[in-house]
Structures are given as structure tokens and as C-alpha cells.
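UniProt numbering puts the sequence shown at residues 1 to 275.
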Amino acid sequence: MPLVCMSSPKGGVGKTTLTANVAHALARAGHRVVVLDLDPQNALRLHFGVALHDTAGFWTASGGDPLSAVRQTTAGPALLPHGSADMHQALQINASLASNPALLADPVRRLLADPELILLADTPPGASQAMAAILPMAALVVVILLADAASTALLPQVESGAFLGQGTLANLVASRARFVLNQVDPASRLSVSAAESVAAHLGSRLLGAVLRDPAMSEALAHQRLLLDFAPDSTAARDIRQIAQALAAALPKAPPPVAEPAPLPRLLDPASWGRP
Ligand SMILES: Nc1ncnc2c1ncn2[C@@H]1O[C@H](COP(=O)(O)OP(=O)(O)OP(=O)(O)O)[C@@H](O)[C@H]1O
Ligand SMILES: [Mg+2]
């Protein structure tokens with residue numbers, strides 16, 4: 001299944017909110033979706049109605065298998081929370097991942113073995129060991145930007161992949177980057193003009209834009225998702241459209257191969273040594 005990393009160089013732009021709501025929209029459209037929280041804030045679970053005192057997750061899973069913490073949500077997507085971590089534990093997780101990225105990459109690879117599922121990962125703001133560990137497996141990196149001057153100024157850095165790494169990896173990832181503009185405010189000339197210039201620059205790499213809508217925060221306050229809480233709102237329509245654009249941008253699973261393809265002629269050992 002394809003892995004989609006929801007990311008941003010800046011904090012507080014709506015990564016977690018959009019991960020939860022886009023995953024919900026994808027599930028409603030008939031896709032099987034898993035959401036994975038890689039941020040020690042452990043906030044993704046709150047969008048899915050998980051109680052504050054419920055601290056279970058990837059890094060706290062008992063029995064050693066982090067995938068045992070995957071749970072089905074009533075909203076549709078399956079959820080793998082980060083698990084609660086205080087500052088000391090979060091630093092320890094970072095250090096462990098720096099020396100052994102497979103701690104995260106291996107379980108994620110196991111999830112990706114199911115060709116029917118879409119895995120959406122919510123990441124911490126900016127650079128993180130967690131994102132570095134799974135980036136090579138990402139089919140798409142969705143970069144969330146705000147329609148403001150700060151995000152516009154970051155565009156060259158984001159476009160080149162520089163905020164995700166250097167050299168070949170950055171180039172590879174940059175080609176898989178897609179963008180979402182969040183919190184567009186039609187009442188603000190600055191917001192509209194920033195959104196217009198980013199949209200003109202990114203062209204088809206921009207999956208969509210989401211209106212700034214208080215219903216988004218209110219939905220979270222009720223531990224609900226926007227398509228349930230305010231299904232007719234403009235922001236809900238934006239979320240549905242972005243889910244559709246994201247699904248269309250994902251690589252399609254290759255059709256099952258009935259028989260192994262024949263070796264290309266030049267590699268057929270039977271033909272070796274013949275003129
Ligand atoms: N389109 C929107 N309209 C109104 N409020 C929004 C919108 N998107 C996100 N928000 C609000 O913005 C705040 C930040 O959102 P969120 O926590 O999802 O950002 P984040 O990028 O995950 O933050 P962090 O970098 O800390 O992980 C939240 O209060 C959320 O409700
Ligand atoms: Mg977040």
C-alpha cells in the first residue's frame with residue numbers, strides 16, 4: 001500500500017488536523033486507510049475520539065510488537081497512535097531511531113505489505129528522525145503550507161526537498177512532493193494573494209486548499225471529524241476534494257502477476273554462449 005507522509009517545515013499549520021480529516025474522507029470514499037502518528041504530541045488520536053487518558057500506542061505497545069497497538073476507529077480508518085511520551089522519552093525515541101531507523105521502518109514496511117491499504121503518517125514539525133526513517137518508502141510527501149508570507153518564503157526550500165534532506169534523497173523526495181494550502185482566509189487580501197501566488201507557482205502539484213473555518217477546531221473540541229461535524233461546510237468540501245486529488249495522485253498497485261514474467265532474451269541463461 002502507498003505511504004503518504006503529511007509534513008511541513010513549520011509547526012501548527014494543520015498537519016494533524018488534515019491527516020485525520022483527509023484519512024476520514026478517504027475511508028468514506030471506500031478506501032481502507034491506516035493513520036500513523038509519529039509525533040510525540042500524540043494528538044492524532046484525539047480527532048478519532050480516543051480518551052485523553054488512553055496513552056497506548058506504537059512506542060508503548062506491550063509484547064514488543066508496535067503493530068499490536070493498531071485499533072479500528074468508529075470513523076473508519078484504523079489508527080496507530082504514537083503512544084504517550086514525556087520529553088525525556090521523546091528524546092530517547094529520537095536517539096534510538098537515529099541509531100536504528102529499522103525500529104520504525106520495519107513495522108511500517110509490514111503495514112505496507114498490504115496492497116489494498118493507504119497509510120497516512122502524521123509527522124512532527126520540521127526535521128525528525130521518525131520522518132527520516134520512513135521517507136525512502138513514501139509514495140508521496142504532502143507538504144502543508146499556510147497562505148501567508150512565511151510559508152511563501154519557505155517555498156524554495158520545500159520545493160527543492162532541502163527541508164527533508166540533501167543530495168539524491170532530497171531530489172527523489174522533491175519529485176514526490178505534493179502541497180496543500182491550509183487556513184485560506186477569503187476576507188484577508190494577504191491570505192488570498194499568498195494563496196493565489198502559491199497556486200500559480202505550484203500548478204498541478206497543489207492538491208487543494210482548505211478554508212480557515214472555526215468548525216475545524218470545534219470538531220476537534222467535540223472529538224469528531226469535520227465530515228461528520230459540519231458535512232456541508234466549505235472546509236468539508238475542501239477536505240473531500242483533497243482526498244480525491246490525493247487518491248488520484250497515488251501510484252496504483254500493480255495488477256497481480258499470475259506467472260513470473262519471462263526473462264529478457266539477453267538474460268536468458270539458455271542463450272548464453274550461442275552466437
Ligand atoms: N482549516 C482550518 N481552519 C481553522 N482552524 C484550523 C484549520 N486547520 C487547522 N486548524 C487549527 O489549527 C491548529 C493547529 O492545527 P494542527 O494541530 O493540526 O497543526 P499541526 O501542524 O499538526 O501542529 P504541530 O506542528 O504542533 O504538530 C488547531 O487548533 C486546529 O484546530
Ligand atoms: Mg501535529
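C-beta: ideal position from N, C-alpha, C; glycine also. Nothing here was measured: the structure is a model prediction, and the numbers come from that model.
Residue from the options with nearest C-alpha to residue i
i, options, result
"residue 159", "168, 179, 95, 101", "179"
"residue 35", "237, 111, 222, 188", "111"
"residue 11", "141, 228, 126", "126"
"residue 245", "9, 22, 5, 1", "22"
"residue 130", "109, 57, 72, 103", "103"
"residue 206", "252, 186, 140, 149", "140"
"residue 31", "122, 99, 75", "75"
"residue 73", "51, 87, 250", "51"
"residue 190", "227, 152, 174", "152"
Residue i CB to nearest heavy atom of ligand 2 below 8 Å
i, result
"residue 122", "yes"
"residue 252", "no"
Inter-residue Cα distance where the pair is residue i and residue j
i, j, result
"residue 120", "residue 113", "14 Å"
"residue 134", "residue 172", "13 Å"
"residue 91", "residue 193", "40 Å"
"residue 143", "residue 6", "6 Å"
"residue 84", "residue 66", "13 Å"
"residue 275", "residue 95", "Its pLDDT being 49, under 50, residue 275 is placed unreliably by the model, and the measurement read from it follows with that caveat. So the two alpha carbons sit approximately 58 Å from each other."
"residue 57", "residue 82", "5 Å"
"residue 300", "residue 98", "Absent from the structure is residue 300, since the part of the chain shown begins at 1 and ends at 275."
"residue 227", "residue 17", "12 Å"
Any non-hydrogen atom of ligand 1 within 8 Å of residue i CB
i, result
"residue 137", "no"
"residue 216", "yes"
"residue 41", "yes"
"residue 235", "yes"
"residue 60", "no"
"residue 240", "no"
"residue 13", "yes"
message = Can you confirm whether the stretch 39-49 touches the stretch 205-225 when touching is taken to mean that 3 or more C-beta pairs between the two stretches lie within less than 8 Å?
response = yes
The stretch 231-249 touching the stretch 206-217, judged by at least three CB pairs closer than 8 Å: yes
query: So does the stretch 24-34 actually touch the stretch 195-209, counting three or more Cβ pairs closer than 8 Å?
result: no
Runs of alpha helix (DSSP H) wholly within the stretch 40-69 (minimum 4 residues, chain order):
44-47
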